[in-house]
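In what follows, a structure is listed as structure tokens, so that the remarks can point back to it.
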Amino acid sequence: LAKTTQPISMDSYEGQEVNITCSHNNIATNDYITWYQQFPSQGPRFIIQGYKTKVTNEVASLFIPADRKSSTLSLPRVSLSDTAVYYCLVVYSSASKIIFGSGTRLSIRP
Amino acid sequence: EAQVTQNPRYLITVTGKKLTVTCSQNMNHEYMSWYRQDPGLGLRQIYYSMNVEVTDKGDVPEGYKVSRKEKRNFPLILESPSPNQTSLYFCASSLEGQGRDEAFFGQGTRLTVV
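Those protein sequences? They're chains A and B, same order as listed. Per this note's numbering, the first sequence starts with residue 1, numbered consecutively. Per this note's numbering, the second sequence starts with residue 1001, numbered consecutively.
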């Protein structure tokens, strides 16, 4: 059964590094993992995507271990404006499905 | 400006009264999809379309219909809405689709069925 699991909420402080983990099972070697950010009253917005090892862009990094049963979104030096809900999206090509996690509400404090 | 546009943004309707939520994209994307978002459940895929005249069911298609007669438009149709379809709906588009690339989302349509 395809399932994508994330922590419900996390708290951190400005300037800290935040790591949000997504657990997923039965994904194929080339199945992508994507992270989105959502602010209230807006649609989700793309952050980063990858399918193996490590991917980095100007706002985040994505770590995917060899067993591919989880992935971690890393946000360096967060600010108050990073307060949002973060979703991982996992492709389950064996089941012809894509499944969003239920979202992690990240709260950043001064 | 590249965007996905949904209309209306807010809608209150009564049980059984047919309604359509429109979605349009200006990026010439092949792929479009509809999601519903409910508290604690994240986003669940309703239907998707890989190209014109090609549509497929997502995880929660019951009670919904879609059509893809033109590349830019992908309307969501509720033939006989029920209160359990009260939700926040998002349309999205991308070049390749089904999680393989960046998806662009609309602003959402908040539907209440009474």
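Yeah, the Cβ is synthetic: ideal placement off N, Cα and C, and Gly gets one too.
Interface residues of chain B around residue i at Cβ under 8 Å?
i, result
"GLY101/A", "GLY1042"
"PHE39/A", "Residues of chain B passing the Cβ test: none, with the nearest at roughly 11 Å."
"PHE46/A", "GLU1102, ALA1103, PHE1104"
"GLN49/A", "ASP1101, GLU1102"
May I have the straight-line CA-CA distance separating residue i from residue j, to the nearest angstrom?
i, j, result
"ARG1036/B", "LEU1111/B", "10 Å"
"ILE64/A", "VAL85/A", "21 Å"
"PRO1039/B", "LYS1071/B", "31 Å"
"ASN1073/B", "GLN1003/B", "12 Å"
"ILE99/A", "ALA1092/B", "14 Å"
"THR104/A", "ARG1100/B", "22 Å"
"MET1050/B", "ARG1068/B", "9 Å"
"PRO1075/B", "LYS1018/B", "13 Å"
"LYS54/A", "SER93/A", "21 Å"
"ASP67/A", "LYS97/A", "20 Å"
"TYR36/A", "THR1013/B", "30 Å"
"ASP11/A", "GLU58/A", "22 Å"
"VAL27/A", "LEU73/A", "Here residue 27/A turns out to be Ile, not Val, going by the sequence shown. The straight-line gap from Cα to Cα measures roughly 18 Å."
"THR56/A", "ILE48/A", "8 Å"
"SER1094/B", "THR1022/B", "17 Å"
"SER1024/B", "VAL1066/B", "13 Å"
"PHE46/A", "MET1027/B", "16 Å"
"ILE8/A", "GLN38/A", "14 Å"
Cβ closer than 7 Å: which chain A residues qualify as neighbours of residue i?
i, result
"GLN1118/B", "Chain B is shown only over 1001 to 1114; residue 1118/B falls outside these bounds and no answer can be derived."
"GLN1025/B", "Ordered by position in chain A, no residue passes the 7 Å Cβ test against GLN1025/B, which lies about 12 Å from the chain."
"GLY1106/B", "GLY43"
So, are the CB atoms of residue i and residue j less than 8 Å apart?
i, j, result
"ILE108/A", "GLU17/A", "no"
"GLN82/A", "LEU62/A", "This sequence places Asp at residue 82/A; Gln is not what is there. No. Outside cutoff."
"THR116/A", "SER70/A", "With chain A running from 1 to 110 in the structure shown, residue 116/A is simply not present."
"VAL1060/B", "ILE1046/B", "yes"
"VAL90/A", "ASP31/A", "yes"
"SER102/A", "GLN42/A", "no"
"ARG1044/B", "GLN1107/B", "no"
"THR1005/B", "SER1082/B", "no"
"TYR1048/B", "ASP1056/B", "yes"
"GLY1097/B", "GLU1053/B", "no"
"PHE1105/B", "PRO44/A", "yes"
"GLY1042/B", "TYR87/A", "yes"
"ALA60/A", "LEU75/A", "yes"
If the cut is a Cβ gap below 9 Å, which residues of chain A does residue i touch?
i, result
"PHE1074/B", "Here the premise fails: no neighbours, minimum Cβ distance about 15 Å."
Cβ closer than 8 Å: which chain A residues qualify as neighbours of residue i?
i, result
"GLU1001/B", "Neighbours of GLU1001/B on chain A: none; closest Cβ ~14 Å, over 8 Å."
"ARG1100/B", "TYR32, VAL91"
Identify the contact partners of residue i in chain B, using a Cβ-Cβ distance below 9 Å as the criterion.
i, result
"TYR87/A", "GLY1042, LEU1043"
If you pair each beta-carbon of the segment 1023–1037 of chain B with each one of the segment 1083–1100 of chain B, do three or more pairs fall below 8 Å?
yes
Could you pull out every unbroken beta strand (DSSP E) segment of at least 3 residues lying fully inside the segment 1023–1099 of chain B, listed in chain order?
Here the runs fully enclosed are 1031–1038, 1042–1051, 1054–1057, 1076–1078, 1087–1094.
Hey, which unbroken runs of the beta strand (DSSP E) at 3 residues or more fall wholly within the segment 14–87 of chain A?
18–24, 33–38, 45–50, 53–56, 61–64, 70–75
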